[in-house]
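Chains as they are written, first to last, in my numbering: chain A, 373 to 574; chain B, 313 to 673.
Where a beta carbon is used, it is the ideal one built from N, C-alpha and C, also for glycine.
Below is one structure, written out as structure tokens; comments come after it.
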């Protein structure tokens with residue numbers, strides 16, 4: 373069932389990638405892709421031109437990308453990189469600590485919220501700086517793990533066993549990407565030191 | 313109507329249209345006089361200085377908010393100026409140094425290396441603040457070419473009305489008040505803040521997929537070094553003691569290696585030993601939780617750095633030179649008034665700019 377679903381998904385991704393190429397070239401504004409809604413999970417067939425640019429093959433997508441969560445669920449609340457943050461942050465309640473970094477020219481402020489071993493970072497929307505969007509979610513220690521069960525301290529081999537072949541990798545990191553967002557695993561030797569869910573700008 | 317009259321009439325109409333367009337352009341251009349967005353006037357303010365500085369700082373907000381030229385003058389008699397603007401990219405620093413050399417030849421150029429992290433143009437707002445205040449020269453032309461984002465055009469820098477024409481509906485009293493020029497808000501390029509917000513919960517940097525500085529940045533650092541060598545200027549690399557944005561050890565290593573390769577001094581003020589020598593206390597000496605120093609921190613940092621410059625570059629005490637003494641006395645008088653004004657505003661309004669609760673919303 374799963375295999376069938378992922379095959380259909382891979383085919384749909386390929387098809388949408390091919391049909392969306394023209395649109396992507398016409399769009400010269402460098403912005404993150406607008407996620408559908410803050411409360412949804414990702415890795416749907418919505419991946420378009422970004423998928424076409426990746427080195428991931430259809431077979432790799434079948435074995436890896438199809439089941440990956442690119443959003444992070446914290447205390448039952450889904451955080452979507454690139455999505456508006458205000459309502460989601462309100463649902464998360466009071467963070468353990470906060471930090472704000474206004475730009476020198478006051479063209480917006482980045483905010484950092486820490487909830488235990490998770491750090492959430494927002495950035496101001498390019499066109500409406502009163503609006504903030506999720507930039508990244510950092511899993512900083514072994515008290516928290518990804519929905520797939522990977523946490524800081526786990527090995528690269530454990531990562532690949534759960535996630536499949538990375539979209540991109542170096543000896544220091546492994547990354548899985550979909551349209552507008554990615555999940556990155558930073559490594560020291562064979563061990564994961566930090567996990568980051570992050571928006572991807574075009 | 314004779315042929316001559318037709319020509320005269322046409323010329324008159326053309327001149328009138330040009331004047332009207334120039335007036336309109338000046339009206340819609342941002343004046344950067346509404347706090348806290350004052351940074352846009354930093355670059356143009358340089359042309360009001362006396363062009364006789366032994367030390368020129370070049371860099372981003374980590375320069376113009378962390379060093380006090382008044383302290384360097386008062387404590388050591390070192391005349392200096394900060395050519396900095398918000399998120400000033402390294403090629404902008406290079407061209408601003410090149411531009412400054414048309415007017416003067418400092419003995420020391422101090423470059424803050426944070427901008428090595430940006431290998432590409434970032435935001436139009438920052439570009440405008442860094443470039444529009446420059447006087448026209450090839451340095452400005454090249455700066456524009458190097459800085460433009462994809463959405464910008466060279467022509468809109470030549471004729472800013474092309475960029476700002478949509479601002480006609482928001483022309484305010486400020487646009488008329490500062491039509492012929494803005495009042496000075498800076499102190500030899502220094503942006504003064506007298507409030508205090510202790511540093512807390514400063515985030516560590518998220519790991520990067522690649523720590524290597526771009527070829528573009530290295531190219532401009534090389535050009536800056538060569539420009540200094542050709543003009544017998546000693547280049548000093550610094551990393552200001554700002555706790556955020558995070559300065560990665562991998563970045564620090566690259567600058568350390570570069571400085572060693574070319575026999576350049578590099579002072580990382582985030583280094584614990586150096587920081588301890590400056591006496592900076594992040595509980596009292598920053599106004600925004602560690603991003604920038606307030607005036608109390610800037611004075612401590614400048615006192616330490618002034619001693620370093622005097623001892624290592626034999627910079628003379630020029631406090632007895634009448635022209636300079638007069639220039640810096642004026643700057644220092646405004647500086648002291650500004651501190652008092654901001655302190656009074658803090659007491660009365662809770663913010664340094666004296667903004668009402670409504671204005672801060």
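In the DSSP assignment, residue 655 of chain B is bridged to no other residue. The three-state secondary structure of residue 337 of chain B, taken from DSSP, is helix. For residue 600 of chain B, the chain A residues whose Cβ falls inside 9 angstroms of its Cβ are 472, 473 and 474, in order along the chain.
The residue from B:553, B:405, B:664 and B:484 with its alpha-carbon nearest to that of residue 377 of chain B is B:553. Counted as a single uninterrupted DSSP element, the beta strand (DSSP E) harbouring residue 482 of chain A occupies residues 481 to 487.
Scanning B:621, B:327 and B:571 for the CA closest to the CA of residue 391 of chain B turns up B:621. At a beta-carbon threshold of 9 angstroms, the residues of chain A lying near residue 521 of chain B are 540, 542, 544, 545, 547, 556 and 558, ordered along the chain.
By the C-beta density criterion, residue 385 of chain B is buried, having at least 16 other C-beta atoms within 10 angstroms.
According to the DSSP assignment, residue 537 of chain B belongs to the alpha helix (DSSP H) that extends over 527 to 542. The beta-carbon distance between residue 395 of chain B and residue 413 of chain B, rounded to whole angstroms, is 11 angstroms. This is too long to meet the 8 angstroms contact definition. The bridge partners DSSP lists for residue 510 of chain A are A:491 and A:568. Per DSSP, residue 474 of chain A is one residue of the beta strand (DSSP E) stretching across 469 to 474. Within chain A, the residues whose beta carbon sits less than 8 angstroms from that of residue 513 of chain B are 469, 470, 471, 484 and 486, listed in sequence order. For residue 568 of chain A, a Cβ of chain B is located within less than 9 angstroms of the residue's own Cβ. Boundaries of the beta strand (DSSP E) around residue 395 of chain B: 392 to 396.
Contiguous beta strand (DSSP E) elements confined to the segment 540 to 593 of chain B occur at 546 to 551 and 578 to 580, taking only those with 3 or more residues. Straight through space, the alpha carbons of residue 578 of chain B and residue 429 of chain B are spaced by roughly 17 angstroms. Neighbours of residue 603 of chain B in chain A, taken as residues at a C-beta separation under 7 angstroms, are given in chain order as 473.
When rounded, the separation of the alpha-carbon atoms in residue 335 of chain B and residue 643 of chain B is 31 angstroms.
For the 9 angstroms CB-CB criterion, residue 506 of chain A and residue 445 of chain A do not form a contact. Contact check for residue 362 of chain B against residue 650 of chain B fails: the beta carbons are separated by 9 angstroms or more. Taking 9 angstroms as the cut-off, the Cβ atoms of residue 389 of chain B and residue 632 of chain B count as close. Under a 10 Å Cβ-count criterion, residue 446 of chain B is classified as buried, with 16 or more other Cβ atoms of the shown protein chains found around its own Cβ.
The residues 511, 514 and 602, in chain order, have a CB closer than 6 angstroms to that of residue 555 of chain B in the same chain once the five nearest residues on each side in sequence are set aside. Non-local C-beta neighbours of residue 546 of chain A in its own chain, meaning closer than 6 angstroms and more than five positions away in sequence, comprise 538 and 557, ordered along the chain.
Contact residues of the segment 543 to 569 of chain B toward chain A are 556 and 557 (C-beta to C-beta distance below 9 angstroms). The C-beta distance from residue 380 of chain B to residue 626 of chain B rounds to 22 angstroms, too long to fall under 8 angstroms, and the pair is not in contact. Of the candidates B:550, B:472, B:562 and B:652, B:550 places its Cα closest to the Cα of residue 617 of chain B. Listed as beta-bridge partners of residue 605 of chain B by DSSP are B:598.
At least one CB of chain A lies nearer than 9 angstroms to the CB of residue 518 of chain B. In chain order, 549, 551 and 567 place their CB closer than 6 angstroms to the CB of residue 425 of chain B, counting only its own chain and leaving out the 5 sequence neighbours on each side.
The alpha-carbon separation between residue 403 of chain B and residue 319 of chain B amounts to approximately 46 angstroms. In summary, the residues of the segment 504 to 522 of chain A whose CB is separated from some CB of chain B by less than 9 angstroms are 508, 510 and 512, in the order they occur in the chain.
Spatial neighbours of residue 463 of chain A in its own chain (CB-CB distance under 8 angstroms, excluding positions within 5 residues in sequence) are listed in chain order as 449. Of B:614, B:583 and B:508, the smallest CA-CA separation from residue 599 of chain B is found for B:508.
Counting along the chain, residue 547 of chain A sits inside the beta strand (DSSP E) bounded by residues 545 to 550.
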